[in-house]
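Working notes for the structure below.
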Amino acid sequence: MGLLSRRFLHFALISTSMVCKLLADEECMDQDILCTELVGRMKDLCIDPSTAFYTKIACKKTCGFCKPAIPSKKFDHGTNLIWAQTPFAKLSSVSRLVSIQGDPNNWIVNKKPVVTYISAPQMTWEFRALGFLWTDHLVYWSESTHKKIQSLVLNGTTDSETLFAGTSSEVHGLAVDWLSRNLYFTDALYDWIILITIDPGKHFYKIIVNDQLDSPHGLAVDPIHGYLFWSDWGEKPQIEKSNLIGERRVTLVDRNIVQPRGLTVDYATDTLYWVDSAKGFVESISIEGTEREIFYTDEGSFFYSVAVYGSYLFVTEKKRGALKVFNRQKSLVSFTLGNQPFDIIMYDKSQQPGNSSECFNMGCDQICVQDPATGPVCLCGDGYVLDVATNKTCKASKKFIHPSHVYAIQDAICQYPANLADMSLVNVSLDSQCFLEDKQGYTTLTFDARENMLYYFVNNTKIISRIPLEMGGRAKVVTGGSGEVKGMALDWVAGNLYWTDSTYGVIKVAKKTGPFQKILLSELNNPVAIAVHPGRGEIYWTDHGHLPDVGGKVEKAYMDGTGRKIILGSNIGQPNHMFVDYDKNLLYWADSILYHVKQYDLVTGQVEIFFEQANVKFYGLSLFRDYILWTDTEDLNGIHVARLDKKEKVRGIIHPKNGVASDLVTFDIQNQPDINNSCNEGRNRCDQLCLVSSGNFSVCACGSGFELSFDGMTCKRALSSLDNFLLVNDAYQKMIYQVDLKSAVVGAIKIFPIYEPVALTYDPVDFKVFWSDNKQHIIKQVNIDGQYERTLLFFNNDSNCDGLAADYVNKLLFYTDTGNNVIGVASMLNYDYNIVLISENLDEPRDIVISPNQGLIYWSDWGNKPAIEKANMDGTDRETILSLQANSWPNGLALDVKANKLYWVDANADTISVIDLLNKSSTVLLHEPGAHYFSLDISGDYLFVTDWKKNFLRRMNKLGGPLYQFGDSIFTRLYGIKVFNSTEAFRGISICVASACEHLCLPSANNFFTCRCAKGFRESGPACIRDGETLVVESTPSATATSAAFVTTIPPDQTISTTNQAQSTALPTDFIDMFSTSMSLMTNDFSTDVMEVDTTFEPIDTTEISTVDSTSTSYQDLSTAVAKSIEREQRMSPLFIGVIIGAVILLVAVVVVIVAVVTWRRYKYKPRHNRLIEDNPSDFYTIAFAAPGDEAVKFDDAMGIENPIYDCLNDPTIVINTGGDVLS
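Quick note on full-length UniProt numbering: the sequence shown kicks off at 1 and runs consecutively.
This is how it looks when you write it as structure tokens:
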């Protein structure tokens, strides 16, 4: 014989020695298996028990197992005792399903069992758990090599069916609810119990138990009483029961138990039997948890599973390879199998009494569970939700299926199902598994399982966003303006988000939606990962140090930043991402230089190597049940999985030419367990931030611009000033800040809610702060002390108000709208009186500044023809004062009225420039490559500038020179800025004080003004009459007057409430004297009467947008102008008026079409300069997995279900061959 044959013989002789010894005890062996399988299929060789050698004999000296002695029958429907077995030596034979047919009362007595079997098609196969459905003649099994749940009809067919693919190799328990027609199985590596519907054509599954399992093994079901039983022999061995959907869990046994494995229920006596493989016990207990009894003991035996039939118990013994039969504590017979037996079932009608008519009549769409207490209930599989209208039908859920593994690859974010280690990779690609595939530099992740929210950092734009993991989910910016964020962690208990910033060497904390940011720790070298433990009140982080392998360390502190300590500062390479096991109080981190993962015991402080692999660049890290997962950033760029029990890698998915694998999280609510501490969100007393400190005591903290009050809970402004300050808004912190011009102390104006504050201006007369919110498309105001906030104007969804200017002399508020390409104005006495001032030849109007005493406005436009323009406040005498290069992005403006100079910043050229308004000469004051200036303002000799690339304010001399940091680095993304110093404020008496304009009085040059009426009204001299009326009505216009075009998109049948403010129009002649008086005197001078009215807003009428052509008049010529206007009206015939109106409508329609086409083409190819690309949710934030039928992914629904909606199953139909019954 060759070497291979000698090995087979060696294994056979080992088995023979054991068999011969057992024969001396008058026990039987499966001689047929030894004869036909172990010795190379040579059927003429058989063991001679008297000599223990293989000889050419008739093989009749057995207990009837050899075919020549008693011919076998076909493995068919009928009373069968069935067990799964695998040879001790896997190369010697194949795994089999073995059956003893007939009534055990017969073959136990005569010891002549009729044995049949089904052999696996390959030696690698291993049958493990078993179940059956008598009514359908079906037997089910789990197969550990190919990791599937399969079935076979016992009617002579050669076809089997795969019900579920992608289990682990450790599925040891399987049970069938024959009344509800559902199958359950345990998975000892994924630590869950899954329900599968077994109705033909229905391939749905549901994870019903997913927590507080360690190593679930045996499984039994009692649908008559509505119970599910399972054994768990993890760190806390126990036997539990629940209802049929995994709820109402009760522990039946948790004492004097070591390794509980197989379970079975005796439905006649309501008794649960189980085996303990460590103790060698067979025990029983009533299904209600009483009358525990030791049924049989055999120390040293490795009992695996148990089945019941009448008074008989059948137990498989794995170590010796035996089948034992008991009858009420008496061992009747022990069959030696020569193989390792696993699960065993009694396939008989008596084991499944009753019928499934109730669930059948229910007509559930996917899953039915027949609860004896409540009746049948319809359920939906994972990935579906129940239609509440019918409580029977199911529809696809928008939410992604969890648990799942999510990791960033810079080019995208990818997701794999929880069973990544065992799923099929057929049809799996980055396209099928990834979302946000816009190559923006996704690197860092964390999550909120309860809100189904994924947090991610985009390195290209330095922005942290969050997105619901659901179909069509849209992202919202949490914060930005940071350096490189390499680590994030969510404190799900207090609702706080922590992150590291390696650029600035800090750790920051904020509310999970972004506000109240606070620098927690500073002066760090190169912080990377961060993790939190709310139960211990601690944070942990890794630091790469100054150089690779130099200065690396792992540290910890309390969640308020105190008590900082080094966990490990030596014998460390490059510590990367971390994972916390909250149940075991263990911290893990990956080290890409030392090629290992280390474990730190949070209780004892012990550090040890937990897992290692040579030349593996461990970066991202996660643990899930009995698996460890990591990302590798170099040659093995991708995601990898290893089994923890064997410490061996089982899978690696690499994509060397696509992206760089970075952070990794397992999106699982078990990784954010229920924890109570003193900072529970919604229950703590802190005004802003609640942080756990030493001793698990809560400490209240405040965000930037606030300081803690004496009560230790509320936050107050850190600065409150009425003079010599600047205002700046921070879009990501969603705050408006006041900064002292001398000390640079920052105080926040407490306003809620703000979504995206952009433009900003100030009225020092009434102490009002105005800002635009481009997420809500509104303009709002608030007192500078944060009181009396209200919304002034509502715009349509296309609006983007990027510029605001408050003319507190003439009581006008000017704004630019770069979305609708208009410049508008509103009366500060009544904001219902607002109009579109300029609408023609505007492309992207950005900032606007004013000169009230001159009646002038200036604005920047960064459209196709970038320019800086000016006009009178009534829109007349428009003039381009500076045309810029085609690629210019003129952003913020600042006007020095005394010096007749206008300053501006260019966001594309990265310059700060000035133009002399008298001689029109311009000068570049500063060029700073890489900057992104947004706004600027002037005070004294200084220009103050906001820059998206900086987290602090800067200033420079207005004559030129470098920019210097002004104040601390506490901001994120700064937008508008407004400086106020009373010595530089506008002073004078408005020309409009003496006007009779009913709605709007708009000044112009040389002390002229124009009266204008709001939309829905027309001018009749200084008065405004409603459209359609012929007489001038001497009454106050109704509060239902609508705003100008583009002001609202609210349907006409809806009414919203707004507040109109009536104020005195008289201004004091000396503003400086006014400002020196007390605030109370100022309030008396400008009394405010506030009333609430309902204002109905009409749909947008784009035909009313036009350039202002009103005739400007001086006040003394007002009566003459009115008379001429009336005379012109009287001369116009109705026909003439109709022709004019028709021509205008036609012209406007053509213009609208042209504008729409041009706008679409331009917006399609040109991103707005004041929005980074990933900020556009309509283009980049929509998430959608390919649905079944799409060409992007092929689904094999006919072959079975998979976890979750990924295509992971592509196996041919398994065929059973008869001739020993061999699966092929």
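No residue lacks a Cβ here, since even glycine has one placed at the ideal position from N, Cα and C.
Predicted, not measured: the structure shown is a model, and the values here were computed from it.
- Residue Ser662 holds the alpha-carbon nearest to the alpha-carbon of Ile654 among Ser662, Thr297, Phe435.
- Classified as exposed, Gln885 has fewer than 16 neighbouring CB atoms from the shown chains inside 10 Å of its CB.
- Look at the stretch 307–394 and you find these whole runs of beta strand (DSSP E), each 3 residues long or longer: 312–317, 322–327, 331–336, 339–347, 367–371, 375–379, 384–386.
- Between Phe302 and Lys279 a beta carbon distance of about 10 Å is seen, past the 8 Å cut, so the two are scored as non-contacting.
- Rounded to the nearest whole angstrom, the CA to CA distance from Asp371 to Glu240 is 18 Å.
- Lys206 and Leu379 do touch by the CB rule: their CB atoms are close to 6 Å apart, below 8 Å.
- The beta carbon of Gly354 lies closer than 7 Å to those of Leu179, Ile224 in the same chain, with the five residues before and after it left out.
- Lys556 has Tyr540, Lys565 as its beta-bridge partners, per DSSP.
- Residue state for Asp807 is assigned as strand, using DSSP reduced to three classes.
- Checking the DSSP bridge columns, you'll see Cys1024 partnered with Glu1019.
- When DSSP states are grouped into helix, strand and coil, Val603 belongs to the coil group.
- Residue pairing by DSSP places Tyr456 opposite Leu445, Ser465 in a beta bridge.
- In the structure shown, Ile1141 falls within a helical segment according to DSSP collapsed to helix, strand and coil.
- In this structure, Thr562 is the residue among Arg536, Arg474, Thr562, Glu470 with its C-alpha nearest to the C-alpha of Ile507.
- Val221 places its beta carbon 9 Å or farther from that of Leu213.
- Distance from Met873 to Gly855 at the Cβ level is roughly 5 Å; contact confirmed, criterion being Cβ atoms closer than 8 Å.
- When Ala268, Ile196, Phe314 are compared, the shortest CA-CA separation from Asn105 is found for Phe314.
- In this structure, Pro852 sits away from Val825, with a CB-CB distance that is not shorter than 9 Å.
- Taking the CA atoms as reference points, Gln733 sits about 25 Å from Ala408.
- Looking at the DSSP output, Gln410 bridges to Tyr442.
- Counting only runs of 4+ residues, no alpha helix (DSSP H) is found wholly inside the stretch 591–679.
- Per the coordinates, the alpha-carbon of Pro962 lies some 47 Å from the alpha-carbon of His999.
- If you look at Gln85, you'll find it in the beta strand (DSSP E) that goes 80–87.
- Beta-bridge pairing by DSSP links Thr1010 to Leu1002.
- For Leu244, the closest of Trp233, Ile285, Leu195, Pro260 by C-alpha to C-alpha distance is Leu195.
- Taking 9 Å as the cut-off, the beta carbon of Val782 is found no closer than this to the beta carbon of Leu760.
- Rounded to the nearest whole angstrom, the CA to CA distance from Gly487 to Ile467 is 17 Å.
- Taking C-alpha positions only, Phe1009 is separated from Ser827 by approximately 14 Å.
- In the DSSP assignment, Leu884 falls outside any beta strand (DSSP E), carrying neither H nor E.
- Between the C-alpha atoms of Val528 and Asp343 there is a straight-line separation of about 48 Å.
- Nearest in C-alpha terms to Ala373, of all of Leu943, Glu358, Thr791, Asp968, is Glu358.
- Closest by C-alpha distance to Gly131, out of Gly173, Ser995, Phe447, Pro376, is Gly173.
- Tyr267 and Ala449 have their alpha carbons spaced roughly 41 Å apart.
- Per the Cβ contact rule, the stretch 630–648 is not in contact with the stretch 478–494 (fewer than 3 Cβ pairs under 8 Å).
- Val209 is not a Cβ neighbour of Pro200, given a cutoff of 9 Å.
- Counting the other Cβ atoms within 10 Å of the Cβ of Phe752 gives fewer than 16, which makes it exposed.
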